[in-house]
Each structure stands twice: as structure tokens, then as C-alpha cells.
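One structure is given below, encoded as C-alpha cells.
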Amino acid sequence: MNTLQKTVMAFGVSALTLISSGSALAVDNQHVGKITTFHLNAEISGRDACIRMLPAVPAPGANGWACLYNTNPLRNQINTMMREAYERARPCTIGWNTTLPEGNANIIFVECR
């Protein structure tokens with residue numbers, strides 16, 4: 007098992023621990039699909055990768071976009087996972103809890119197969 011898989015596994019175990027201990031992980035929306043666009047833009051401060059998926063991400067006002075922001079403590083691992091899933095055309099599940107003012111779904115977790 008590589009470092010990325012171990013990190014994601016640790017996050018999953020932590021999430022399950024929170025849920026089983028009575029705390030809920032705040033995930034309002036989930037979506038399954040393949041990443042069709044992997045977008046990076048250095049001029050947008052505080053934002054890492056944005057993705058589009060097929061079928062399209064159904065977040066209101068997002069025009070199909072879901073983005074990862076630098077407030078996510080797993081952003082480096084999630085960026086790597088999404089890029090690899092894009093390159094290999096692997097299906098992923100993304101989760102978001104808010105749609106930000108610019109309309110993008112704010113990615114909080116990713117699971118790719």
C-alpha cells in the first residue's frame with residue numbers, strides 16, 4: 007500500500023470513527039462519475055484543482071465544476087488522487103458540503119476506484 011492509499015485509508019477510518027462516536031461528518035452532497043477535465047489556475051488564490059465529471063456535478067450554480075480549496079487539509083493527496091483518476095479514466099465519488107460564491111462545489115472528500 008503506497009503513502010497516498012495509507013493517507014486516504016486513515017482519513018476514512020477517522021471519518022468512520024467520528025460517525026460511530028455520534029459525530030456526523032458534514033457531507034451534504036455526493037456524486038459519482040469520471041473526471042473529464044482537470045483544471046489548475048495559479049491566478050486564483052486559495053484554490054487548487056477544479057474538475058468536471060461525466061455525468062456532470064449537479065451542484066446548483068456550479069456549471070458542472072467542483073473545486074478543491076487550500077483550506078482542505080488533504081488537498082495535496084486529493085489533488086494527486088484526482089489527477090491520477092483523470093489520467094486513468096477511473097470512476098470517483100466526490101463529496102461537497104457547500105457551493106461557494108463563484109458557484110463551484112467545494113470538494114471535501116474524494117474516493118476513486
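With the working numbering applied, the sequence shown covers 7 to 119. Where is the CB? At the ideal position from N, CA and C, for every residue including glycine. Given the structure is predicted, the values throughout are model-derived calculations rather than measurements.
Where does arginine 81 fall in DSSP's three states? One-based indexing of the sequence shown puts residue 81 at position 75. DSSP places arginine 81 in helix when its eight states are reduced to three.
Could you name each continuous alpha helix (DSSP H) segment of 4 residues or more that falls completely within the stretch 55 to 108, going from the start of the chain to the end? 81 to 94
Quick test of your reading: alanine 72 and isoleucine 100, contact by CB under 8 angstroms. State the CB separation rounded to the nearest angstrom. Numbered from 1 along the sequence shown, position 66 holds the residue referred to as residue 72. Numbered from 1 along the sequence shown, position 94 holds the residue referred to as residue 100. Yes, they are in contact, since the Cβ atoms of alanine 72 and isoleucine 100 sit about 6 angstroms apart, within 8 angstroms.
For isoleucine 57, does the count of other Cβ atoms within 10 angstroms reach 16, so buried, or fall short, so exposed? Residue 57 sits at position 51 when you count from the first residue of the sequence shown. Buried.
Can you tell me the Cα-Cα spacing of glutamate 93 and asparagine 112, whole angstroms? Within the sequence shown, the letter at position 87 stands for residue 93. Within the sequence shown, the letter at position 106 stands for residue 112. Glutamate 93 and asparagine 112: Cα-Cα distance of roughly 22 angstroms.
So, threonine 86 versus leucine 60, is the Cβ gap smaller than 9 angstroms? The count along the sequence shown starts at 1 and reaches residue 86 at position 80. The count along the sequence shown starts at 1 and reaches residue 60 at position 54. The answer is no: Cβ separation not under 9 angstroms.
With distances taken Cα to Cα, identify the nearest neighbour of asparagine 78 among Asp34, Lys40 and Ile114. In the sequence shown, the residue the question calls residue 78 occupies position 72. Nearest C-alpha to asparagine 78: Ile114.
For glycine 52, three-class secondary structure by DSSP: One-based indexing of the sequence shown puts residue 52 at position 46. Coil.
8 angstroms CB neighbourhood of asparagine 82 in its chain, flanking five on each side removed: Here the question's residue 82 lines up with position 76 in the sequence shown. Same-chain partners within the cutoff: there are none.
Identity of the residue in Thr104, Gln36, Arg53 and Lys40 nearest cysteine 98 by Cα: Residue mapping note: residue 98 aligns to position 92 of the sequence shown, counting from 1. The candidate whose alpha carbon is nearest that of cysteine 98 is Lys40.
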